[in-house]
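Notes for the one structure printed next.
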Amino acid sequence: MGIKVCSKCQMYPVLENDELGMKYWYECPECGEKTIKVTSRTSSVKRPRIDEEAKDKLSDEWNSKN
1 MGIKVCSKCQ MYPVLENDEL GMKYWYECPE CGEKTIKVTS RTSSVKRPRI
51 DEEAKDKLSD EWNSKN
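The sequence shown: position 65 = 65 (UniProt numbering), numbered continuously.
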């Protein structure tokens, strides 16, 4: 399942992360609309990366809002 465009701006959201690469969220680059922040189970300070479970959760939340 793909990710929908922002209902306000018609822009695709960008996957963002905190400075440690531990928390991830989707954010619209135009209006700043964003999802909740989710911690990735496979991420660590030395190896920041998002797992599929976290990415799916964020995609589902974004798509339900838009």
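For every residue, glycine included, the Cβ atom is placed at its ideal position computed from N, Cα and C.
This structure is a prediction, so every number in the text was calculated from the model and none was measured.
Ordered along the chain, which non-local residues of its own chain (more than five positions away) have a Cβ less than 6 Å from that of residue i?
i	result
isoleucine 50	Tyr24 and Ser40
Grab me the residues of residue i's own chain with a C-beta within less than 7 Å of its C-beta, minus the 5 sequence neighbours each way, in chain order.
i	result
leucine 58	Tyr24, Trp25, Tyr26, Thr35 and Val38
cysteine 9	Cys28, Glu30 and Cys31
Quick check on residue i: buried or exposed, where buried means 16 or more other Cβ atoms within 10 Å of its Cβ?
i	result
proline 13	buried
Keeping to the same chain, check which residues put their C-beta closer than 8 Å to that of residue i; ignore five residues upstream and five downstream.
i	result
tryptophan 62	Ile3, Lys4, Pro13, Tyr26 and Thr35
cysteine 6	Tyr12, Pro13, Cys28, Glu30, Cys31, Glu33 and Asn66
Return the chain-ordered ranges of every alpha helix (DSSP H) run that is complete within the UniProt region "Disordered" (41 to 66) and spans a minimum of 4 residues.
-> 52 to 65
At least 3 beta-carbon pairs within less than 8 Å: the region 14 to 29 vs the region 42 to 61:
yes
>> Just to confirm the assignment: which complete beta strand (DSSP E) runs, minimum length 3, are found wholly within the region 3 to 38?
In response: 14 to 17 and 23 to 27
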